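Colleague:
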Amino acid sequence: MVREAMTLRVELYGLPAVLTGQRRVEVTAATLQELVHVLAAQFPSLCGTVIDLDRGWLNRGYIFVVDGRFTREPATPLRPGAEVLLVAAQAGG
C-alpha cells in the first residue's frame, strides 16, 4: 500500500534546531524515510552530523518521536496531524 504524502510539522530539539536555526519546520512526507530525505534536502546542515547521507537515515545519536513513541524505523507511516519530534537519543541513568 502506497501512502500519500502530507504536510507535517516537525519539532527539532538540541543540535538539529541549532544547525537549522529553526525549532519547527513543515515538510511533506508519508514515512519517516521520506521525512529524512526531505530534511536532508531542505537543511544540508543536518547532513553528516544528524543524517548519514550514505545510509539515507539518522546517525546513531538521533531518534524520532512519533505521537509519543520513540522509533528508528524508516517505514513508520506518518498520519495527518502526527506529532513528530527529532531529538538526540541519550542514555539515562
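For the sequence shown, the positions run 1354 to 1446 when this note's numbering is used.
Where a beta carbon is used, it is the ideal one built from N, C-alpha and C, also for glycine.
Quick caveat, the model's predicted, so the values are computed rather than measured.
Would you identify the three-state DSSP class for P1430, choosing helix, strand or coil?
Modeller: By 1-based counting over the sequence shown, the position of residue 1430 is 77. Of the three classes helix, strand and coil, the one that applies to P1430 here is strand, per DSSP.
Colleague: Report the three-state DSSP secondary structure of T1402 (helix, strand or coil).
Modeller: Along the sequence shown, one-based indexing puts residue 1402 at 49. In the three-state DSSP reduction, T1402 falls in the coil class, being neither helix nor strand.
Colleague: By Cβ distance, which residues of its chain are closer than 7 angstroms to A1442, with the 5 residues on each side in sequence left out?
Modeller: Here residue 1442 refers to the residue found at position 89 when the sequence shown is read from its first residue. Counting only Cβ-Cβ distances below 7 angstroms, and skipping sequence neighbours, we find G1414, Y1415 and I1416.
Colleague: Between the C-alpha atoms of W1410 and P1397, what's the straight-line distance to the nearest angstrom?
Modeller: For the purposes of this step, residue 1410 is identified with residue 57 of the sequence shown, where counting begins at 1. For the purposes of this step, residue 1397 is identified with residue 44 of the sequence shown, where counting begins at 1. Approximately 13 angstroms, taken between the alpha carbons.
Colleague: Using CA atoms only, rank isn't needed, just tell me which of V1437, L1406 and T1429 is closest to V1418.
Modeller: Reading the sequence shown from its first residue, position 65 is the one you call residue 1418. The residue with the shortest Cα to Cα distance from V1418 is V1437.
Colleague: By a C-beta neighbour count over all protein chains shown, 10 Å radius and 16 as the cutoff for buried, is P1433 buried or exposed?
Modeller: Here residue 1433 is taken as the residue at index 80 of the sequence shown, counted from 1. Exposed: under 16 other Cβ atoms inside 10 Å.
Colleague: Should L1385 and E1426 be called a contact, given that it needs their Cβ atoms to be closer than 9 angstroms?
Modeller: The count along the sequence shown starts at 1 and reaches residue 1385 at position 32. The count along the sequence shown starts at 1 and reaches residue 1426 at position 73. Contact: yes.
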